[in-house]
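Asker: Position one of the sequence shown corresponds to residue 6 (the working numbering), numbered consecutively onward.
Here a beta-carbon is modelled for each residue, glycine too, at the ideal position from N, C-alpha and C.
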Amino acid sequence: MKSPELSRPRPYRMRARAQTTAATRGRILRAVLELHVERFHDQITLDEIAGRAGVTVQTVLRQFGSRDRLVTAAAEVATNEVIAQRSAAPVGDVAGAIENLLDHYQQWGRSALRLLVQEDRVPQFRAIAEGGRAAHYAWVERTFAPFLDETMDPLLRAKLIALTDVYTWKLLRLDLGLDRTETAWALASMIRAVVGKGRTP
6 MKSPELSRPR
16 PYRMRARAQT
26 TAATRGRILR
36 AVLELHVERF
46 HDQITLDEIA
56 GRAGVTVQTV
66 LRQFGSRDRL
76 VTAAAEVATN
86 EVIAQRSAAP
96 VGDVAGAIEN
106 LLDHYQQWGR
116 SALRLLVQED
126 RVPQFRAIAE
136 GGRAAHYAWV
146 ERTFAPFLDE
156 TMDPLLRAKL
166 IALTDVYTWK
176 LLRLDLGLDR
186 TETAWALASM
196 IRAVVGKGRT
206 P
């Protein structure tokens, strides 16, 4: 007869199983994020997500329960990564803020643009987009705080939000075809112009 100790799962097996589960979840979530950069939400199937992640649809559903819960979990992963990256922007440093912003848009810009054009059609995306806007506004307020504290211009915050918005990046980088250096210079010159005029004499 086996002793109770031998019949219990060994700690290292439990850890290995947990690590495998976490890795599987991570692959699935990354597959969701990648596919949403490439296609619209209603063009993506669970079969494609599972195939991209190297698992079965049953595994996807076992891990997340439903498509909606899967999208919510993927959005949480993306939001946490974005906030961590954007939080590294130096305060009061225009050039440093722009480098941080361009790093962000290089990785997430196209995904954000695709999400924004769907927010009126996909209820989940509306909530995600609103959260993204709130995070961007908070980034502007933190990063440009020294200029906002000194300003007499009541519209400076709105100007900075607009100049650093993903659609401004899209116009400069994607539509006009500026390279990263040119995009950084254009943003810096515009931001410095409004910040300079917004300061007290």
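Take the Cβ of residue 85 as the centre, count every other Cβ of all protein chains shown within 10 Å, and call the residue buried at 16 or more, exposed below.
Answerer: The residue in question, residue 85, is exposed, as its Cβ has fewer than 16 Cβ neighbours within 10 Å.
Asker: Is DSSP giving residue 156 helix, strand or coil here?
Answerer: If DSSP states are grouped into helix, strand and coil, residue 156 belongs with the strands.
Asker: By alpha-carbon positions, which one of 134, 112, 161 and 145 ends up nearest to residue 122?
Answerer: When only C-alpha atoms are compared, the closest one is 134.
Asker: Within its chain, find whatever has a CB closer than 6 Å to the CB of residue 30; leave out the 5 residues flanking it on each side and keep chain order.
Answerer: Here the set comprises 68.
Asker: For the alpha helix (DSSP H) containing residue 145, list its first residue and its last residue.
Answerer: Unbroken alpha helix (DSSP H) run through residue 145: 128-148.
Asker: What does the alpha-carbon distance come out to for the pair residue 127 and residue 148?
Answerer: Computed Cα separation, rounded: 31 Å.
Asker: Taking 8 Å as the threshold (C-beta atoms), are residue 103 and residue 141 in contact?
Answerer: In this structure, residue 103 does not lie closer than 8 Å to residue 141 by Cβ.
Asker: With distances taken from CA atoms, which of 61, 28 and 39 is nearest residue 112?
Answerer: Closest by alpha carbon: 39.
Asker: If we ignore side chains and look at the alpha-carbon of each, how far apart do residue 155 and residue 129 end up?
Answerer: The straight-line gap from Cα to Cα measures roughly 38 Å.
Asker: Buried or exposed: where does residue 91 fall if 16 or more other Cβ atoms within 10 Å of its Cβ makes it buried?
Answerer: Burial call: buried.
Asker: Taking 8 Å as the threshold (C-beta atoms), are residue 168 and residue 192 in contact?
Answerer: Their beta carbons are under 8 Å apart, which means residue 192 touches residue 168 by this criterion.
Asker: Is residue 200 closer than 8 Å to residue 117 when the C-beta atoms are compared?
Answerer: No.
Asker: Return helix, strand or coil for residue 93, following the three-state DSSP convention.
Answerer: Reduced to three states, the DSSP call for residue 93 is coil.
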